[in-house]
Structure formats: C-alpha cells, structure tokens
Amino acid sequence: MGVRRWIRAWPVYRQLTGPDPLGRGKAAESARSAGLVPRTERADRVVDSVCPYCAVGCAQRVFVREEPHEHVVQIEGNPNSPISRGRLCPKGAASKQLVTGPQRVQKVRYRPPYGTGWQDLDLDTAMDMVVDRVLEARRKGWQDRDAKGRTLRRTMGIASLGGATLDNEENYLIKKLFTALGALQVENQARI
Ligand code: SF4
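Structural data, given as structure tokens:
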C-alpha cells in the first residue's frame, strides 16, 4: 500500500477531510464493515409473530430465507406493535436460538412411571395418552351432588396452573376448556 493510499485509509485523515468530522459514521468505517449487509436483507419473506417467552407479548418480525432450505435468518421487534413498538428485551431478541438451536428438543419425550430413561413418542400417541389421563382424572374426581343433594357437577380431579408465558388468548382458551371439563381450580402464576 502506497503512502497516499495508507493516509487516505487512516480514519483520522478521513475524519478531518471528509463529511464526517465527528468520526461517527463513514470516517470510522473499515473496508470490511463497508462490505457487510444485514441478515434481514437475505430474507425472502417476513412473517409476523409474537415473542413466546413472557406475557408482555412483544410483536416480532421473523425473517425467513427459502434457500437452500426454509430457515429463519433473523428475528426482530415489530415497530407496528402498540405493545412493544419495535422493541425486544435481550431474551426476546435472542429468540432465534429457540427456533434454530441444535439443542432444541423436536420429539415428544416420555419417561414412564418408575422408568430410568426417556423414550421418544410420536405426537398422536402422546396426545391420546394425555386425553386418556384427563378423562380418567375427570371421572375419578367427579362430584355430581353434595351431601345435601344439591347439584355440583364438577370435578376435583383436575387443576390447571398457567405460567407467565401464556398470553391473554391462551389463558382465555385454557379457562374455557377447563371450565367446560368441570374443573374449578384454574390458576395462573401471575395471581399466586
Ligand atoms: S421480548 Fe422480552 S418482554 Fe417482550 S415478550 Fe419477549 S421476553 Fe417478554
């Protein structure tokens, strides 16, 4: 590199002679930085979503690339959201890891009573097992009338405890489902 070229590449020279006298923009930019493009520019489409981590429900924009296979390249806050207005906390900003992390469990895991190891189950089998247990617990804990013959029609065999990751819509559906099953004990972490 010649002396002139070296001087022109020197950030202080560019700061003193160019349009960026405070050295906060182009004057301080290296050749490598100038060649970088945001991950979002490589996306083929953007999908609106909601951060899954907590009940604040910050809105997200999920940037998806189709090639060589469909995959998420970046997740950012959605500025159109009246709740979060484009912001995500550090946890929400890192939620791409939740989707793409190699340690993510992608199969249903089951450890039978007294078992010492986990088994893989297919989703249909697992769902049938859940349904069987819910119906059995409901039936066992069912109370049709109290000691004075008054109508109860409830089950004491099922309780629901929701977590802070559940949003309004999920809590609405959970309350509706469990009330329809006859359960009285429907609680959420936020109330405890
Ligand atoms: S971005 Fe943070 S505050 Fe917003 S929903 Fe996700 S975890 Fe909650």
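Each residue of the sequence shown is one higher than the one before, counting from 145 in the numbering used here. Using N, Cα and C, we set each Cβ at its ideal position, and we do this for glycine too.
The beta strand (DSSP E) enclosing residue i, as first and last residue numbers
i, result
"R255", "Per DSSP, R255 belongs to no beta strand (DSSP E) and is neither H nor E."
"E280", "From DSSP, E280 is part of no beta strand (DSSP E) but of the alpha helix (DSSP H) over L267 to K284."
"R209", "A203 to R209"
"T299", "T295 to G306"
Helix, strand or coil at residue i according to DSSP, with G and I counted as helix
i, result
"R168", "coil"
"T323", "helix"
"E220", "strand"
"A238", "coil"
Contacts around residue i, its chain only, beta-carbon distance under 7 Å, and the 5 residues preceding and following it disregarded
i, result
"C198", "A308 and T309"
Close-in-space but distant-in-sequence residues of the same chain around residue i (CB under 8 Å, 5 per side omitted)
i, result
"Y316", "none"
Nearest neighbour of residue i, chosen from the options [CA to CA]
i, options, result
"D268", "E331, W262 and V252", "V252"
"R282", "R298, Q159, R335 and P256", "R298"
"R186", "V208, N222, A270 and N312", "V208"
"D264", "P212, Y254 and D290", "Y254"
"A171", "I151, V190, R183 and R189", "I151"
Own chain, CB closer than 6 Å to residue i, minus 5 neighbours either side, in chain order
i, result
"I219", "Q204, V206, S239 and K240"
"Q333", "G307 and A308"
"G167", "Q159"
Range covered by the alpha helix (DSSP H) that runs through residue i
i, result
"S228", "From DSSP, S228 is part of no alpha helix (DSSP H); its letter is neither H nor E."
"V156", "P155 to T161"
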